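Okay, so here's the structure we're looking at.
Residue numbers (the numbering used here): 1 to 447.
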């Protein structure tokens with residue numbers, strides 16, 4: 001894997017440097033325009049780890065900010081919004097360890113430390129681009145869906161690292177490394193790395209059932225990696241908030257921020273009324289109806305033929321249903337969970353790399369595109385509720401309000417220029433390769 005990564009970085013070195021430069025310009029701009037609460041909060045918990053150890057899992061961010069006021073954390077920018085004020089630290093152990101090490105390497109809170117965290121995440125984001133190039137191989141030059149996935153991940157990764165300071169680049173890095181190791185038939189190492197990804201943020205768990213069905217024995221290494229989470233339990237770690245978040249409980253947040261959540265149809269919360277008050281809102285069904293119709297009209301291509309299915313053993317039948325399982329997972333996420341932010345959509349983007357055929361990959365990318373559109377439609381049809389709480393709370397992350405749009409336009413231009421250069425290079429290389437193939441067909445000698 002290290003050889004493949006080194007070769008990919010060397011092959012794309014000019015464009016990775018360009019992406020790094022764009023990211024470095026974006027970091028201070030985004031730091032000014034956005035209150036990056038997740039990054040700030042992880043910074044605070046990373047520093048607190050060296051004082052309290054794993055007991056930080058039993059402290060909510062308000063308590064911790066008060067305890068660390070002498071370090072400058074009690075400024076209102078290192079804690080979650082008021083409606084989430086009682087939430088304890090909910091990220092798994094590997095995520096906490098990453099930020100603990102990062103703050104140890106660059107001690108001294110405030111100042112440049114937050115941007116140091118963005119810088120580390122930007123480096124990881126660039127590594128992720130190299131890993132994606134390894135997994136896509138020649139498809140990145142030839143196949144439309146592969147380019148669309150790469151372009152989507154380029155924007156997403158830049159926002160998550162330089163603009164948001166979130167954990168997603170670390171999670172994706174471990175997930176993509178796991179897929180590269182799997183591609184190289186290093187099954188045990190792949191499963192172990194996947195376990196680390198799950199212990200950074202939960203969502204890569206979607207790949208585990210698929211890889212388990214292909215090679216059940218390798219799952220031993222996945223379970224072995226879980227000791228990283230089990231051991232801290234005996235050292236004071238409590239994962240109540242993580243479990244509450246995973247189980248989609250209202251105790252995590254009274255807000256429903258997923259505009260595609262069917263519960264809005266019969267129980268849209270009245271946020272300024274006594275706890276538990278709701279009202280029915282039938283327009284909330286519109287995105288779900290469109291999405292359901294799309295799924296019903298497309299899922300058949302993920303089913304094996306009847307003859308093939310009947311001839312298989314029970315285990316082989318399960319393996320043959322892996323594409324259907326992977327295709328259904330975004331539906332499960334956006335159908336069942338109340339707390340789904342818009343960027344969660346690309347949590348499941350790298351899953352497209354698990355499909356074996358272009359036909360399945362294209363259908364999956366179309367589904368992700370449709371979800372993005374329906375998410376926006378859901379904001380519109382649920383506007384009375386969204387404007388009563390979730391949207392104003394989200395806007396509070398931008399201290400300059402609508403004036404921030406000028407900074408985002410600049411960031412968008414920088415990202416667009418970088419991606420156009422990447423795209424131009426891919427096209428140029430493909431044109432050159434086609435000229436060489438044409439010359440070979442004519443029998444010409446190529447030197």
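Ideal Cβ positions, reconstructed from N, Cα and C, are used throughout, including at glycine.
This one's a predicted model, so the numbers in the text were calculated from it and none came from an experiment.
Asked	Found
In terms of DSSP beta bridges, what is residue 278 paired with?	269
Going by DSSP, what residue range makes up the alpha helix (DSSP H) through residue 32?	13-33
Check whether the Cβ atoms of residue 170 and residue 200 lie closer than 7 Å to each other.	yes
Report yes if the C-beta distance between residue 145 and residue 420 is below 7 Å; otherwise report no.	no
On the DSSP bridge list, what partners appear for residue 88?	60
Going straight from the alpha carbon of residue 191 to that of residue 205, what length do you get?	11 Å
Taking the alpha-carbon positions, what's the residue 75 to residue 40 distance?	11 Å
What's the C-alpha gap between residue 241 and residue 141?	43 Å
State the CB to CB distance for the pair residue 260 and residue 288, rounded to an integer number of angstroms; the pair is presumed to be in contact (CB under 8 Å).	6 Å
Beta-carbon within less than 7 Å of residue 342's beta-carbon, same chain only, minus the 5 sequence neighbours each way: which residues are those?	375
Can residue 225 and residue 195 be called in contact, C-beta distance under 7 Å?	yes
Sorted by chain position, which residues of the same chain lie with C-beta nearer than 7 Å to residue 197's C-beta, five sequence neighbours on each side aside?	171, 174, 175, 178 and 204
Would residue 15 pass as an interface residue toward chain B - the criterion being a Cβ-Cβ separation below 7 Å?	Of the chains in the structure shown, none is chain B; there is only one protein chain.
Would you identify the three-state DSSP class for residue 392, choosing helix, strand or coil?	helix
Does DSSP put residue 209 in a helix, a strand or coil?	helix
Please report the Cβ distance between residue 152 and residue 411, rounded to the nearest whole angstrom; I am assuming they are in contact, meaning their Cβ atoms lie under 8 Å.	About 16 Å separates the two Cβ atoms, so there is no contact after all.
Considering only C-alpha positions, which residue in the set 339, 369 and 264 is nearest to residue 383?	264
If you compare alpha carbons, which of 8, 258 and 166 is closest to residue 332?	258
Please state the DSSP three-state secondary structure of residue 130.	helix
With a CB to CB cut of under 7 Å and the five nearest residues on each side skipped, what residues in its chain are close to residue 334?	258, 260, 340 and 371
Leaving out the 5 sequence neighbours to the left and right, which residues in its chain are closer than 7 Å to residue 180 when beta-carbon positions are compared?	1, 4, 131, 134 and 135
Taking its Cβ as the centre, do 16 or more other Cβ atoms sit within 10 Å of residue 37, making it buried, or is it exposed?	buried
Do you know how far the Cα of residue 221 is from the Cα of residue 186?	11 Å
Going by C-alpha to C-alpha distance, which of 101, 129 and 127 sits closest to residue 116?	101
What does the Cβ neighbour count give for residue 110, buried or exposed, with the cut at 16 atoms within 10 Å?	exposed
From residue 228 to residue 386, what does the alpha carbon distance come to, in whole angstroms?	39 Å
List the endpoints of the continuous alpha helix (DSSP H) containing residue 195.	187-198
Can you tell me the Cβ-Cβ gap for residue 330 and residue 356, rounded? I've got them flagged as a contact below 8 Å.	At roughly 18 Å, the Cβ-Cβ gap does not stay under 8 Å, so residue 330 and residue 356 are not in contact.
Taking only the alpha-carbon atoms, compute the straight-line gap between residue 54 and residue 301 and give it to the nearest angstrom.	47 Å
Among 112, 9 and 90, which residue has its Cα nearest to the Cα of residue 32?	112
Within 10 Å of its beta-carbon, does residue 217 have 16 or more other beta-carbons around it, so buried, or fewer, so exposed?	exposed
Count the other C-beta atoms from every protein chain shown that fall within 10 angstroms of the C-beta of residue 70, then say buried if there are 16 or more, exposed otherwise.	exposed
Would you give the residue range spanned by the alpha helix (DSSP H) that residue 39 belongs to?	37-52
Throw me the rounded Cβ distance for the residue 57 and residue 239 pair, which I believe falls under 8 Å.	7 Å
Residue 18 and residue 418: beta carbons closer than 7 Å?	yes
Alpha carbon to alpha carbon, what distance is there between residue 25 and residue 81?	28 Å
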